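Residues 0 to 556 (numbering that gives the first Met the number 0) make up the sequence shown, in order.
Beta carbons: idealized from backbone N, C-alpha and C, even for Gly.
A quick note: this is a predicted structure, and the numbers were derived from the prediction, not measured.
In what follows, a structure is listed as structure tokens, so that the remarks can point back to it.
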Amino acid sequence: MTLVEAQPVVSSLESTKECINRIRRLFGTPSVSCGVLHHGEVIFRHAEGLADIESGLAPDADTVYLIASCSKAFASATCAVLESKGKICWNTPISTYLDDFKTPSDPEVGRRATVQDLCSHSTGLAPVDHAVMGFHDEYYNRGKDQVKISSHLPVAYDFRSKWLYNNCMYGVIGELIAKVCDTSTGQAIKENIFRPLGMDRSCTSATEYVDKNVAKGYTVLQDGTPLDLGDPKLEDGDIQGAAGFVRSSVNDMLKWAKAVMEAEEEAKNGINSLKLPGIDFTRSSHRPMTIENGLGENSYGFGWFRHTLPSKWLSSIGPNFALLQDPPVIGRNSRPVLTLAHWGEFQGFLTSLYTFPETKSAIIVMANSSPSRGDPSDLIAQTLCQELFDMKPRVALEDYAHRASQMSDLIWPSLVEEWVTGRVQNTPVRPPSEYVGHFRNEGFMLDIEVYELRSKNRGQGENPELLGFTVNGIQRQSAKLRHYHYDVWTFLPDSRDDASRKGMELYMKLPLVLLSFLRDEMGKVYALEWDLQAGVCEGPAPGLETAVDSIRFDRVK
Numbered sequence: 000m001t002l003v004e005a006q007p008v009v010s011s012l013e014s015t016k017e018c019i020n021r022i023r024r025l026f027g028t029p030s031v032s033c034g035v036l037h038h039g040e041v042i043f044r045h046a047e048g049l050a051d052i053e054s055g056l057a058p059d060a061d062t063v064y065l066i067a068s069c070s071k072a073f074a075s076a077t078c079a080v081l082e083s084k085g086k087i088c089w090n091t092p093i094s095t096y097l098d099d100f101k102t103p104s105d106p107e108v109g110r111r112a113t114v115q116d117l118c119s120h121s122t123g124l125a126p127v128d129h130a131v132m133g134f135h136d137e138y139y140n141r142g143k144d145q146v147k148i149s150s151h152l153p154v155a156y157d158f159r160s161k162w163l164y165n166n167c168m169y170g171v172i173g174e175l176i177a178k179v180c181d182t183s184t185g186q187a188i189k190e191n192i193f194r195p196l197g198m199d200r201s202c203t204s205a206t207e208y209v210d211k212n213v214a215k216g217y218t219v220l221q222d223g224t225p226l227d228l229g230d231p232k233l234e235d236g237d238i239q240g241a242a243g244f245v246r247s248s249v250n251d252m253l254k255w256a257k258a259v260m261e262a263e264e265e266a267k268n269g270i271n272s273l274k275l276p277g278i279d280f281t282r283s284s285h286r287p288m289t290i291e292n293g294l295g296e297n298s299y300g301f302g303w304f305r306h307t308l309p310s311k312w313l314s315s316i317g318p319n320f321a322l323l324q325d326p327p328v329i330g331r332n333s334r335p336v337l338t339l340a341h342w343g344e345f346q347g348f349l350t351s352l353y354t355f356p357e358t359k360s361a362i363i364v365m366a367n368s369s370p371s372r373g374d375p376s377d378l379i380a381q382t383l384c385q386e387l388f389d390m391k392p393r394v395a396l397e398d399y400a401h402r403a404s405q406m407s408d409l410i411w412p413s414l415v416e417e418w419v420t421g422r423v424q425n426t427p428v429r430p431p432s433e434y435v436g437h438f439r440n441e442g443f444m445l446d447i448e449v450y451e452l453r454s455k456n457r458g459q460g461e462n463p464e465l466l467g468f469t470v471n472g473i474q475r476q477s478a479k480l481r482h483y484h485y486d487v488w489t490f491l492p493d494s495r496d497d498a499s500r501k502g503m504e505l506y507m508k509l510p511l512v513l514l515s516f517l518r519d520e521m522g523k524v525y526a527l528e529w530d531l532q533a534g535v536c537e538g539p540a541p542g543l544e545t546a547v548d549s550i551r552f553d554r555v556k
């Protein structure tokens with residue numbers, strides 16, 4: 000496509016800037032940075048706001064953001080390189096390489112689950128993210144413990160029966176890469192992907208930033224004030240690292256998208272790409288996400304969603320999908336188009352990446368705000384998509400941004416109402432000393448210390464906080480407990496802003512803020528249960544609420 004031929008499309012994309020600004024402001028997002036590739040050429044870049052409010056840093060196409068789950072495609076691409084060299088095989092059980100991958104909840108998964116099964120989210124193991132990640136999105140353990148911990152996830156679905164998005168499985172894939180390459184996962188991705196493609200601003204740890212053109216993550220308080228969350232606590236060497244540790248820029252991600260689609264085209268012509276061998280296999284359909292009559296494809300490859308537009312399943316792993324009962328459907332009256340895409344959310348960052356192999360097009364949008372308020376990157380990407388392909392009818396995506404923002408404001412009052420109505424009134428409060436002790440879940444390598452609060456640290460009012468708990472001895476993984484009812488205690492924050500400051504924005508479900516203590520026949524507390532799944536999952540997961548039990552912690556002293 001010549002510049003003259005591209006000009007009408009460029010003009011259409013340029014016309015979206017005011018809409019982009021309004022969507023960003025509706026979510027209170029400090030900054031966004033985006034870009035568009037069409038027929039293999041970059042035809043649009045736009046950045047606005049502040050990537051770092053304190054320093055006044057304005058973003059541009061080189062500003063580095065965490066891309067979170069868009070990292071998964073880099074992990075699978077690295078596996079494809081290793082497969083082309085004969086170092087791994089897609090259909091070999093993962094336990095062949097990592098013998099700690101033994102799954103007591105279903106031993107067949109440990110024996111049979113292949114590299115391909117983990118990459119396509121086909122194990123059926125429950126995605127209990129809160130078993131590895133606590134307040135402030137901090138991880139309880141290190142990556143070296145990833146395989147053992149992940150193998151102890153409970154079963155949600157029968158093996159290979161359904162698609163079920165699971166970040167821990169990509170953490171295991173990261174450990175596979177590290178073992179086979181005899182280096183860290185991030186270093187392996189750098190050597191096999193970033194360097195060959197010239198992605199010199201991309202990395203997997205904060206220590207690797209080449210300059211200060213780096214976005215900070217933020218959440219937004221009720222009055223619209225941004226709260227600095229700092230650099231994301233997800234790096235090379237962490238649990239779930241390969242699921243989301245990549246930091247990149249718009250320019251680098253457009254390089255990535257172009258290289259991926261060029262390698263795909265080579266594969267169609269019988270040429271195995273030297274830089275990205277086997278990438279076409281990672282982007283093929285390996286597991287249907289959902290099956291509905293009359294719809295086009297909605298499936299998953301290895302770190303890539305595949306959707307035929309129009310589709311209501313775009314960004315189904317993202318916050319907007321959970322906030323909107325009727326998510327937007329773009330291109331209803333337009334020619335169907337296949338997109339291979341992914342979305343990312345972690346701490347104070349959001350990313351949307353679309354690729355369109357037919358026209359060698361791509362859209363990348365990065366933002367630095369918390370997913371708890373909704374996702375501007377998702378709706379901005381769809382806005383650009385409508386203009387890029389002149390989709391009919393135009394969907395007023397700004398309206399959806401307004402609705403998503405409004406719905407996010409209802410999360411806190413809804414939680415408080417459920418907390419109040421679910422509480423059995425006037426149950427006796429047993430002596431706090433009966434609950435004091437050390438509780439352990441061996442499989443997840445989690446230790447909870449429950450202790451009495453000193454009088455000066457106790458709360459006020461009719462139902463003060465009498466107990467506290469700390470997970471794995473990490474001070475930031477501590478909370479105060481007040482009595483809820485019977486032998487159930489709660490750490491419900493005082494307000495939405497209190498939850499934000501305490502790093503509890505992902506704990507906005509009633510079961511997540513309740514600890515239930517169990518007594519034996521003699522009336523002595525011997526365990527506690529914590530529902531760390533609480534029905535929460537990224538993407539469709541029918542019946543998950545009843546499929547996964549609370550996690551039990553046995554008292555050891």
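Pick from the options that is closest to residue i, judged by C-alpha positions
| i | options | result |
| --- | --- | --- |
| E263 | D279, I270, D251 | D279 |
| Y525 | F100, H437, M503, H341 | H437 |
| G240 | C202, E261, T469, P225 | C202 |
| S149 | D157, V127, G197 | V127 |
| G173 | S75, N140, D157 | S75 |
| S248 | K232, L349, S14, V171 | L349 |
| P356 | H285, E416, G109, E261 | E261 |
| S549 | A46, F516, S499, Q324 | F516 |
| A60 | K178, L253, M503, A205 | L253 |
| N140 | E544, Q115, M444, T545 | M444 |
| S558 | P412, S371, F388, P103 | Nothing can be reported for residue 558: it is not among the residues displayed for the chain, which extend from 0 to 556. |
| T184 | K143, K161, T281 | K143 |
Where the beta strand (DSSP E) containing residue i begins and where it ends
| i | result |
| --- | --- |
| A366 | 360-366 |
| Y483 | 477-484 |
| T218 | 216-219 |
| Y525 | 524-529 |
| P225 | 225-229 |
| R439 | 436-440 |
| F280 | F280 -> not in any beta strand (DSSP E); alpha helix (DSSP H) instead, spanning 278-281. |
| D98 | Neither: D98 is in no beta strand (DSSP E) and is coded neither H nor E. |
Contact check, residue i vs residue j, beta carbons under 8 Å
| i | j | result |
| --- | --- | --- |
| A187 | T95 | no |
| A540 | L163 | yes |
| L124 | L152 | yes |
| V575 | L491 | Examination of residue 575 is not possible in this model, given that the chain is present from 0 through 556 alone. |
| L322 | G373 | yes |
| Q346 | D136 | yes |
| T354 | A340 | yes |
| D519 | R439 | no |
| S368 | Y217 | yes |
| V171 | L233 | no |
| L514 | W488 | yes |
| V547 | A155 | yes |
| P392 | R457 | no |
| F134 | K508 | no |
| T113 | I93 | yes |
| P463 | R481 | yes |
| E17 | G277 | no |
Supposed close pair residue i, residue j - CB separation, criterion 8 Å
| i | j | result |
| --- | --- | --- |
| R21 | E397 | 5 Å |
| V31 | P375 | 6 Å |
| D251 | F244 | Contact doesn't hold; Cβ gap of about 15 Å is too wide. |
| L308 | I329 | 7 Å |
| F43 | G55 | Contact doesn't hold; Cβ gap of about 25 Å is too wide. |
| V63 | R200 | 6 Å |
| I447 | L527 | 7 Å |
| A72 | W303 | 6 Å |
| I449 | V435 | The amino acid occupying residue 449 in the given sequence is Val; Ile does not appear at that position. That pair is a contact at about 6 Å. |
| K211 | G229 | Contact flag wrong, Cβ pair sits at about 14 Å. |
| W255 | M198 | 6 Å |
| G300 | S310 | Their Cβ separation, rounded to whole angstroms, is 15 Å, which puts G300 and S310 out of contact at 8 Å. |
| Q324 | D496 | Contact doesn't hold; Cβ gap of about 26 Å is too wide. |
Boundaries (first-last residue) of the alpha helix (DSSP H) holding residue i
| i | result |
| --- | --- |
| I19 | 16-25 |
| H401 | 396-421 |
| R110 | 106-111 |
| S83 | 71-83 |
| R554 | Counting along the chain, R554 falls outside any alpha helix (DSSP H), though it belongs to the beta strand (DSSP E) covering 550-554. |
| V249 | 249-267 |
| V179 | 166-180 |
| R518 | Note, R518: premise wrong, no alpha helix (DSSP H); beta strand (DSSP E) at 513-518. |
| G243 | 240-243 |
Could you name each continuous beta strand (DSSP E) segment of 3 residues or more that falls completely within the stretch 320-361, going from the start of the chain to the end?
336-345, 348-355
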